[in-house]
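Just so you know, my numbering puts the end of the sequence shown at 96, numbered straight through with nothing missing. C-beta: ideal position from N, C-alpha, C; glycine also. Computed from a predicted structure; not experimentally measured. Input: a single structure, listed below in structure tokens.
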Amino acid sequence: MAPGGACDLCDRQVGEENLHEHHLIPKLQLRRMKRRGKKVASATVRFCKPCHNEVHGLFEPPVLAREYSTLELLRSAGAIQPYLEWIRKKK
């Protein structure tokens, strides 16, 4: 996790009050996995609003659960790289 009021995805300092909780495995997918008997933990990270919107705009919940269930996987996703390069230049 990024320190203080920093976004865990873009690392920008936005202040605690501007961070949103993002479930690495979306809640609906988590419930479905648990019903199927899988033991999974609900991990969350803190994203600024633009990053949170971008992640949910790029990836459907099943894809997030299946392919991007860790912060490292999400950060390394090819589809999000142009956005990260752009947002990191913003103040």
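Option nearest residue i by Cα separation, candidates the options
i	options	result
Leu-79	Glu-59, Lys-96, Arg-93	Glu-59
Val-68	Cys-15, Tyr-88, Ile-30	Ile-30
Gly-42	Ser-74, Gly-10, Gln-34	Gln-34
Leu-63	Arg-40, Pro-87, Arg-51, Ala-48	Pro-87
Lys-39	Ala-70, His-25, Glu-65	Ala-70
Asn-85	His-61, Pro-66, Lys-95, Lys-96	Residue identity differs from the one stated: residue 85 is Ile in this sequence, not Asn. Per the Cα distances, His-61.
Under the three-state DSSP convention, the category residue i falls into
i	result
Val-68	helix
Cys-56	helix
Arg-93	coil
Arg-36	helix
Ala-99	Absent from the structure is residue 99, since the part of the chain shown begins at 6 and ends at 96.
Residue range of the unbroken beta strand (DSSP E) whose run includes residue i
i	result
Pro-76	Checking the sequence shown, residue 76 turns out to be Leu, not Pro. Where Leu-76 is concerned, there is no enclosing beta strand (DSSP E), although the alpha helix (DSSP H) it sits in stretches over 76 to 80.
Glu-26	24 to 28
| query | Contact between the segment 53 to 65 and the segment 16 to 24: three or more CB pairs below 8 Å? | reply | Yes, since at least three Cβ pairs between the segment 53 to 65 and the segment 16 to 24 fall closer than 8 Å, the two stretches touch.
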